[in-house]
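Chemist:
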Amino acid sequence: MKKVLFVLTMGFALFSMHFGSGNLVYPLALGSTFGAASLPALLGFLVTAVGFPAVGFLSMVLFKGEPKVFFGRFGPLVATAAIGVIVGVMGPFGCLARCIALTHTITTHVYADLSLELFSLLSCLLIFCLCLKKSRIVSILGKVLTPILLLTLAAVMVGGLFSDKDLYFNFENSLSNSCQGLFLGYQTMDLLAALFFCHLLFKPIQAYAEAHKLSPFRLAFQTSCVASLLLILTYAGFGLLSATHAELLQNVPPEFLLIRLSEYVLGANGAILTVGLVVFTCLTTAMALAAIFADFLTIELRLAYGYSL
303 MKKVLFVLTM
313 GFALFSMHFG
323 SGNLVYPLAL
333 GSTFGAASLP
343 ALLGFLVTAV
353 GFPAVGFLSM
363 VLFKGEPKVF
373 FGRFGPLVAT
383 AAIGVIVGVM
393 GPFGCLARCI
403 ALTHTITTHV
413 YADLSLELFS
423 LLSCLLIFCL
433 CLKKSRIVSI
443 LGKVLTPILL
453 LTLAAVMVGG
463 LFSDKDLYFN
473 FENSLSNSCQ
483 GLFLGYQTMD
493 LLAALFFCHL
503 LFKPIQAYAE
513 AHKLSPFRLA
523 FQTSCVASLL
533 LILTYAGFGL
543 LSATHAELLQ
553 NVPPEFLLIR
563 LSEYVLGANG
573 AILTVGLVVF
583 TCLTTAMALA
593 AIFADFLTIE
603 LRLAYGYSL
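Each residue of the sequence shown is one higher than the one before, starting from 303 at the first, in my numbering.
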């Protein structure tokens, strides 16, 4: 039983790390764009948004979760440069900033007077406080934030299942749609992210495996399966919901698709629930990205973790 709980905690943490701002928008945009023809596109999306990251995560397990060892085969300078560029793009210069920006955009739909500067400052302070104890990041993600996130996701999806819309799939242009789904899934950048998320998860996995005389790779594989299953269910659910309501979502900006959908299927309280969903979605990913970037600065510049964060 303890092993099951451990694997679920690790799997929940990995799921929440992956399910960030872009991952929230892309399946909704896919469904609303392709409508009844979205199934082939959704399958293509799942290959690159779920399958490739799972392979990347397990590949990094073979290198004990150390990106420096993985990229070190190209030489130390190339490894440092490559890791620096990747964590920079995933961190403060790209995905992390996108998480905060998307959360602010959605929040202003309910609280219109909230300035971006103040919101960004408060968000960074919250992320800093949650990540300050590095050893507790995985536990906070897997045991606290992700269960809340899953409950919020379930509320939106269950509401959509009982809506009055029906969808009849067609398979016109299946190959073209699948290729577009493949490309869209790759834009989540989760393949690169998985290499570094493994760095955060490998130490607790290895410690548990050694304490209970288990295989670290097997535990990592089970963790990846839990996270992948949750991602598939979430992406498929959002993709099919937006495809079912494609007419309703026409000409709606991507960042407001979930707000519009939630208001329709859940009524007046849908917007408030959506704000909560986006906050938890982006917060969990932002925590992982901030910790990864801080780790890089700690190793390369020999700064204390707190200062790097």
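Even glycine gets a Cβ: it sits at the ideal position worked out from N, Cα and C.
All of these numbers come straight from a predicted model, not from anything done at the bench.
Counting only runs of 4+ residues fully inside the stretch 335-376, write out the alpha helix (DSSP H) ranges in chain order.
Modeler: Counting whole runs of 4 or more residues, the stretch 335-376 contains the alpha helix (DSSP H) stretches 340-348, 354-363, 369-373.
Chemist: Buried or exposed for V597, please, with buried defined as at least 16 other CB atoms from any protein chain shown within 10 angstroms of its CB.
Modeler: If you number the sequence shown from 1, residue 597 lands on position 295. The residue you asked about is not Val; residue 597 is Asp in the sequence shown. D597 comes out buried.
Chemist: Going by C-alpha distance, which of V306, G333, S318 is nearest L542?
Modeler: Start at 1 with the first residue of the sequence shown, and residue 542 comes out as number 240. Looking at the Cα atoms, G333 is the closest of the given residues.
Chemist: Residue ranges of each alpha helix (DSSP H) run of no fewer than 4 residues wholly in the stretch 512-583, ordered along the chain?
Modeler: DSSP runs (the alpha helix (DSSP H)) wholly in the stretch 512-583: 518-546, 559-568.
Chemist: Using the C-alpha atoms, what's the distance from L486 back to C433?
Modeler: Numbered from its first residue, the sequence shown carries residue 433 at position 131. Numbered from its first residue, the sequence shown carries residue 486 at position 184. If you take the alpha carbons of C433 and L486, they lie about 30 angstroms apart.
Chemist: Looking at C-alpha atoms only, which residue of G444, A381, F540 is the closest neighbour of L307?
Modeler: What you label residue 307 is simply residue 5 of the sequence shown in a count that begins at 1. For L307, the nearest C-alpha among the options comes from G444.
Chemist: Comparing C-alpha positions only, which one of T448, Q552, C481 sits nearest to C584?
Modeler: Here residue 584 refers to the residue found at position 282 of the sequence shown. Out of T448, Q552, C481, T448 has the C-alpha closest to the C-alpha of C584.
Chemist: Buried or exposed: where does Y413 fall if 16 or more other Cβ atoms within 10 Å of its Cβ makes it buried?
Modeler: Along the sequence shown, read from residue 1 onward, the residue named residue 413 stands at position 111. Label assigned to Y413: exposed.
Chemist: For my contact list, L424 and H406 are in at a C-beta cut-off of 8 angstroms; report their separation, rounded to the angstrom.
Modeler: Counting from 1 along the sequence shown, the entry for residue 424 is found at position 122. Counting from 1 along the sequence shown, the entry for residue 406 is found at position 104. Between H406 and L424 the Cβ distance is about 10 angstroms, and since that is not below 8 angstroms, they are no contact.
Chemist: What does the Cβ neighbour count give for L591, buried or exposed, with the cut at 16 atoms within 10 Å?
Modeler: Indexing the sequence shown from 1 puts residue 591 at position 289. Looking at its Cβ environment, which holds 16 or more other Cβ atoms inside 10 Å, L591 is buried.
Chemist: With DSSP as the reference, label E474 as helix, strand or coil.
Modeler: Position 172 of the sequence shown, counted from the first residue, corresponds to residue 474. Coil at E474, not helix or strand.
Chemist: Which two residues bound the contiguous alpha helix (DSSP H) that contains S441?
Modeler: Position 139 of the sequence shown holds residue 441. Its alpha helix (DSSP H) spans residues 439-442.
Chemist: In chain order, what residues of the same chain lie with their CB nearer than 8 angstroms to the CB of N479, ignoring the 5 residues before and after it?
Modeler: Reading the sequence shown from its first residue, position 177 is the one you call residue 479. F336, A339, S340, P342, A343, G346, listed in sequence order.
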